[in-house]
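S.K.: Structure below; questions to follow.
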Amino acid sequence: MENSDESNSQRAPGSLRRSLLLSLAATTLIPLTLLAVVVLYFMTERAAEDVSSKNQLLVSTISGQVELFLRAPETSLINLRNLYLSHQGSLGHSFQEILDAMAESSQLLESIFIIDRQGVVTDVGLPQKNRNLRAEFERLSLGHLSFIMAARQQQQPVWSDTFLSIITGKTSLALAIPVDDDIIVGNINIALINRFLKELRQGRLVESTIVDRHGEIIACSRQNHDLCPSNLWNLPLIRTAAYKGATTETYEYRGETFLGSVARIDGPNWFILVAQSSATAYEPVRRTSLFFIGAFLITFLVVLLVALLTSKRISAPLSRFARQARALADGDYDLQQLTPGYAEIAVLADDFQHMASRISEREVAVKESEEAYRTLAENLPAIAYRLHIADNSRLQFMNQEHRTMTGFEEENFKVSTDSSPFEEKIHPDDRQDFSTTIKGAISGRTPFTQEYRFKHANGEFRTFYEKGCPVYDSKGKISHIDGVIFDVTERKQAEDIILQSEKMLTVGGLAAGMAHEINNPLAGILQNCQLIRWRLDATQTKNLQSAKETGVDLLQLQQYLQQRNILQMLDAIRDSGQRAARIVENILDFSRKSQKDFSPQNIPELIEKSLELARSDYNLHREFDFRNIEINCHFDDNLPKVHCDPAQIQQVLLNIFKNGAQAMIEHDKNRRHQFQIRSSQQQGMICIEISDNGPGMPADVEKRVFEPFFTTKKVGKGMGLGLSVCYFIITEKHHGSMKVSSTPGEGTKFTICLPLLLSAEQS
């Protein structure tokens with residue numbers, strides 16, 4: 073990277089000179105070039121239009137002359153028709169003489185025919201030299217010719233196609249003019265038109281050609297008529313003129329490009345083509361363009377030379393100034409005084425000296441600030457990090473606190489694959505939420521906070537609280553994420569304890585009022601039940617006296633009551649009332665904080681006594697026998713005594729033993745069930761761990777197991793107060809802690825910790 077910067081710095085003077093050269097040249101040459109292109113474009117367009125206009129004017133002139141040639145015989149034939157109509161039937165033999173005289177005097181009419189309604193030639197007018205052929209034409213049938221039929225049908229003059237004349241042996245044209253039922257036909261010698269085109273020939277390279285409606289050549293300006301093509305109908309401009317009228321365009325013929333103009337003669341429907349070689353036609357345009365381009369190139373070179381000299385003059389002092397800038401970039405702030413050749417460069421040099429001193433001061437301040445922030449980050453009781461997203465999620469920075477919080481070194485979190493090593497150590501249940509939160513923050517451009525469980529190097533899952541913010545570059549793309557991660561495991565545990573304590577206090581308040589309300593009717597039930605049993609007793613004198621007075625045999629009455637199980641029912645009512653009284657007594661424990669029965673106790677002995685009580689509590693109505701459960705005890709030696717209420721601690725232990733035994737039996741009756749019981753001293757407390765190999769608890773049950781009235785047992789098998797009372801006894805009355813951890817399918821572990829010493833206020 074340093075070599076690249078040095079290379080760029082070395083090229084800077086040359087690049088500056090090129091930039092100045094290009095800038096100076098561009099400011100002059102670009103407008104000049106644009107102007108030249110525009111002028112050349114319009115000049116060539118105008119010249120091309122002039123060439124086309126001249127060609128079009130020439131073809132218009134020729135077509136006008138040809139129309140004049142054709143109008144002369146047409147006028148003569150029309151006059152003959154008028155004469156024929158005015159003297160029809162009265163001219164007689166003299167009409168033949170008129171036809172001969174007209175054919176003799178006209179240069180274009182080589183013969184005149186009169187055709188009757190049957191299409192037979194009745195009269196023929198010929199010049200003197202051809203009158204010997206008259207007998208060949210008289211009585212000749214010509215009514216089948218298409219142009220004669222068209223003239224008779226349309227009753228207007230109709231031109232024929234060109235044909236080879238049997239009189240002159242040359243190309244001729246006929247005009248048919250209807251006269252009532254007769255037709256006057258004049259054969260026109262078009263050799264004069266061919267001569268006219270040769271006389272109008274404009275130089276050797278301009279050719280004029282007349283073609284008929286089928287594209288056949290009628291006349292050509294070439295001296296050698298054989299050099300003219302025989303048919304031009306395949307030329308695109310001839311067909312264009314046939315459908316759209318006069319046109320001028322270039323075309324290819326026999327490998328050569330021509331500029332041609334075509335005009336149409338309406339009478340015989342002929343086309344006149346005036347053509348010349350494109351190279352000849354556009355020669356003036358080419359000469360003008362070459363002259364203009366030459367002048368432009370000379371101007372271009374002059375401007376480029378001036379720009380080169382100017383850029384060199386300006387860049388020389390700037391090159392020296394660039395070397396000073398490179399020294400400043402390398403950290404050399406002691407710049408030498410420049411000797412600039414321009415006042416502006418001198419001002420820039422002074423400002424640069426001032427900038428160098430300011431940069432030096434700021435660099436020192438930045439280093440001090442970076443050191444301060446680094447010290448602050450390293451002393452944070454949390455992980456501070458920067459994750460460079462744009463660089464394949466590379467970990468750019470992480471303070472040293474990660475060793476304490478995670479137990480891993482920084483190398484364990486560097487990305488080496490597509491997956492994040494940090495994300496792989498997050499609890500599987502929290503991994504999806506973790507990824508979704510990060511992606512949502514990046515897409516939504518918002519800060520994020522989240523909690524998740526992270527697997528410590530020792531295998532323990534710790535609860536982390538992370539707060540971060542995505543940072544974007546100037547283009548709006550994600551650059552990196554800055555954030556901090558706190559270990560909130562202890563805080564979460566404290567919150568759970570506080571929440572559980574608050575629940576206990578709330579239920580305790582409710583229990584106090586509810587217990588007082590239940591006690592009154594419950595006392596009446598038990599008292600009346602006891603009175604009924606007493607008044608049915610046959611051994612009491614008062615009962616015997618009252619029975620005798622009423623005529624009742626008390627012994628027989630007792631036999632009846634026993635036979636009908638009424639006395640057993642009364643006993644059941646009494647037992648239920650007493651059970652309810654015990655429940656009320658447990659509820660009242662929530663609101664009592666008296667510790668009058670506290671005394672130093674040996675925890676292993678309390679555990680053994682509790683196990684003996686559990687083994688002796690065998691009842692056929694229960695579905696398990698505690699004596700069949702394997703008990704494994706592991707007690708540390710010389711454990712100190714704990715100041716506690718032994719009866720309440722035994723109540724807690726007995727409750728845990730019974731719940732665990734019932735859960736193991738319900739899960740699998742054929743499995744060998746066992747309890748693992750441990751007691752040890754930890755940080756000023758005696759801790760009791762009770763583990764079973766039962767079904768365990770799902771996470772949602774584990775969170776609520778200490779809540780009052782929460783139970784997973786069937787209706788009638790429990791009220792959900794056992795573990796909540798145990799929790800209350802340990803946390804509220806003994807100021808200890810009670811936790812549960814469970815893995816579904818593997819078992820459950822309860823951990824009870826009791827303080828070794830209590831303060832005077834507590835005890």
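Take any residue in the sequence shown, count from 1 to its spot, add 72: that is its number in our numbering.
From the three backbone atoms N, C-alpha and C, an ideal C-beta is built for every residue, glycine too.
Note that the structure is a prediction, hence the values are computed from the model and not measured.
#1: Apply the 10 Å Cβ neighbour rule to K844 and answer buried if 16 or more other Cβ atoms are within range, or exposed otherwise.
#2: Please list, in chain order, all residues of the same chain as P145 whose beta carbon is under 7 Å from its beta carbon, the five residues on each side excluded.
#3: Which of the three DSSP states, helix, strand or coil, is assigned to P493?
#4: Tell me, which residues are paired with D647 by DSSP?
#5: Provide the residue span of the beta strand (DSSP E) that contains G197, from first to last.
#6: Using a 10 Å radius around the Cβ and a threshold of 16 neighbouring Cβ atoms, would you call C798 buried or exposed?
#7: If we ignore side chains and look at the alpha-carbon of each, how far apart do Q200 and G287 end up?
#8: List the whole-angstrom C-beta distance separating L452 from H552, where the pair is believed to meet the contact cut-off of C-beta under 8 Å.
#9: Given this structure, state the Cα-to-Cα distance separating Q628 from A619, to the nearest angstrom.
#10: Quick check: L198 and I220, are their CB atoms within less than 9 Å of each other?
#11: Determine the contact status of L245 and S232, defining contact as a CB-CB distance below 9 Å.
#12: What is the DSSP secondary structure of H806, counted as helix, strand or coil?
#13: As a quick exercise: from G327, T521, Q630 and N704, pick the residue whose alpha carbon is nearest that of T509.
#14: Can you give me the C-alpha to C-alpha distance between S333 and A347, rounded to a whole angstrom?
#15: Taking C-alpha atoms, which residue in M470, P593, Q748 and R153 lies nearest to G649?
#16: Whose CA, out of A351, G756 and E818, lies closest to the CA of G808?
#17: Which ranges would you report for the beta strand (DSSP E) in the stretch 522-559 if only whole runs of at least 3 residues count?
#18: What is the DSSP secondary structure of L304, reduced to helix, strand or coil?
#19: Could you have a look at N704 and say whether DSSP puts it in helix, strand or coil?
#20: Do R285 and P340 have their CB atoms nearer than 9 Å?
#21: Helix, strand or coil: how does DSSP classify V346 here?
#22: What is the DSSP secondary structure of I737, reduced to helix, strand or coil?
#23: Could you check which residue in D502, F209 and T234 has the C-alpha nearest to that of F536?
#24: Bridge partners of T100, per DSSP?
#25: Do you know how far the Cα of R359 is from the Cα of T100?
#26: In chain order, what residues of the same chain lie with their CB nearer than 6 Å to the CB of F558, ignoring the 5 residues before and after it?
#27: One question on the structure: do L616 and V714 come within less than 9 Å of each other, judged by their Cβ atoms?
#28: I'd like the span of the alpha helix (DSSP H) that includes R224, first residue to last.
#29: Give me the Cα-Cα distance between A444 and C541, rounded to the nearest whole angstrom.
#30: Run through DSSP, which three-state label would E182 get?
#31: So what's P827 in DSSP terms, helix, strand or just coil?
#32: Quick one: using the 10 Å Cβ neighbour count with 16 as the cut-off for buried, is M470 buried or exposed?
#33: Give the DSSP-derived three-state secondary structure of N615 in the structure shown.
#34: For A318, I'd like the list of residues in its chain whose CB is within less than 8 Å of its CB, leaving aside the five on either flank, ordered along the chain.
#35: Is it true that the CB of L106 sits closer than 9 Å to the CB of F368?
#36: Hey, how far is the Cα of Y524 from the Cα of K539?
M.R.: According to the structure shown:
#1: As displayed, the chain neither begins before 73 nor continues past 835, which places residue 844 out of reach and without an answer.
#2: The residue given as residue 145 occupies position 73 in the sequence shown. Within the same chain, P145 has close Cβ partners S178, L180, L181, L247, G258 and I260.
#3: Position 421 of the sequence shown, counted from the first residue, corresponds to residue 493. Helix at P493.
#4: Taking the first residue of the sequence shown as position 1, residue 647 is located at position 575. According to DSSP, D647 bridges with nothing at all.
#5: Sequence index remark: in the sequence shown, residue 197 carries index 125 (1-based). Per DSSP, G197 belongs to the beta strand (DSSP E) from V193 to G197.
#6: The residue labelled residue 798 in the question sits at position 726 within the sequence shown. Classification for C798: buried.
#7: Along the sequence shown, one-based indexing puts residue 200 at 128. Along the sequence shown, one-based indexing puts residue 287 at 215. Approximately 34 Å between the Cα atoms of the pair.
#8: The residue given as residue 452 occupies position 380 in the sequence shown. The residue given as residue 552 occupies position 480 in the sequence shown. L452 to H552, Cβ: 18 Å. No contact.
#9: Along the sequence shown, one-based indexing puts residue 628 at 556. Along the sequence shown, one-based indexing puts residue 619 at 547. Those two C-alpha atoms are separated by around 11 Å.
#10: As a working note, residue 198 is residue 126 in the sequence shown. As a working note, residue 220 is residue 148 in the sequence shown. Not in contact: L198 and I220 (Cβ atoms no closer than 9 Å).
#11: Taking the first residue of the sequence shown as position 1, residue 245 is located at position 173. Taking the first residue of the sequence shown as position 1, residue 232 is located at position 160. In contact: L245 and S232 (Cβ atoms closer than 9 Å).
#12: Here residue 806 refers to the residue found at position 734 of the sequence shown. In the structure shown, H806 sits in coil (DSSP, three-state: anything other than H, G, I, E or B).
#13: Locating residue 509 in the sequence shown gives position 437, where the first residue counts as 1. The option with the nearest alpha carbon to T509 is T521.
#14: By 1-based counting over the sequence shown, the position of residue 333 is 261. By 1-based counting over the sequence shown, the position of residue 347 is 275. Roughly 6 Å between the two C-alpha positions.
#15: Within the sequence shown, numbered from 1, the residue matching residue 649 stands at position 577. Selected option, being the one with the closest Cα: P593.
#16: Here residue 808 corresponds to residue number 736 of the sequence shown, with the count starting at 1. Closest by alpha carbon: G756.
#17: 533-544 and 550-559
#18: Position 232 of the sequence shown holds residue 304. Three-state result, L304: coil.
#19: Working through the sequence shown from its first residue, we reach residue 704 at position 632. N704: strand per DSSP, three-state reduction.
#20: Residue 285 sits at position 213 when you count from the first residue of the sequence shown. Residue 340 sits at position 268 when you count from the first residue of the sequence shown. Cβ distance < 9 Å, so R285 and P340 count as in contact.
#21: Taking the first residue of the sequence shown as position 1, residue 346 is located at position 274. V346 falls in the strand class under three-state DSSP.
#22: Here residue 737 corresponds to residue number 665 of the sequence shown, with the count starting at 1. Helix.
#23: Translated into positions along the sequence shown, residue 536 becomes position 464. When each option's Cα is compared against that of F536, the closest is D502.
#24: As a position in the sequence shown, residue 100 is number 28, starting the count at 1. Beta-bridge pairing links T100 to no other residue.
#25: Numbered from 1 along the sequence shown, position 28 holds the residue referred to as residue 100. Numbered from 1 along the sequence shown, position 287 holds the residue referred to as residue 359. Cα to Cα, the separation comes out at about 26 Å.
#26: If you number the sequence shown from 1, residue 558 lands on position 486. Excluding positions up to five away in sequence, the list reads A454 and Y537.
#27: Residue 616 sits at position 544 when you count from the first residue of the sequence shown. Residue 714 sits at position 642 when you count from the first residue of the sequence shown. Taking 9 Å as the Cβ cut-off, L616 and V714 do not qualify as a contacting pair.
#28: Counting from one through the sequence shown, the residue named residue 224 turns up at place 152. Unbroken alpha helix (DSSP H) run through R224: S218 to Q226.
#29: Working through the sequence shown from its first residue, we reach residue 444 at position 372. Working through the sequence shown from its first residue, we reach residue 541 at position 469. The alpha-carbon atoms of A444 and C541 are separated by roughly 22 Å.
#30: On the sequence shown, position 110 is the one that residue 182 refers to. Of the three classes helix, strand and coil, the one that applies to E182 here is strand, per DSSP.
#31: Translated into positions along the sequence shown, residue 827 becomes position 755. Looking at P827 - three-state DSSP - the assignment turns out to be strand.
#32: The residue given as residue 470 occupies position 398 in the sequence shown. The residue in question, M470, is buried, as its Cβ has 16 or more Cβ neighbours within 10 Å.
#33: Within the sequence shown, the letter at position 543 stands for residue 615. Helix, per DSSP.
#34: Numbered from 1 along the sequence shown, position 246 holds the residue referred to as residue 318. Around A318: Q128, V131, S132, S333, V334, A335 and R336.
#35: Counting from one through the sequence shown, the residue named residue 368 turns up at place 296. Counting from one through the sequence shown, the residue named residue 106 turns up at place 34. Not in contact: F368 and L106 (Cβ atoms no closer than 9 Å).
#36: In the sequence shown, residue 524 corresponds to position 452, counting from 1. In the sequence shown, residue 539 corresponds to position 467, counting from 1. Taking the straight line from one Cα to the other gives about 12 Å.
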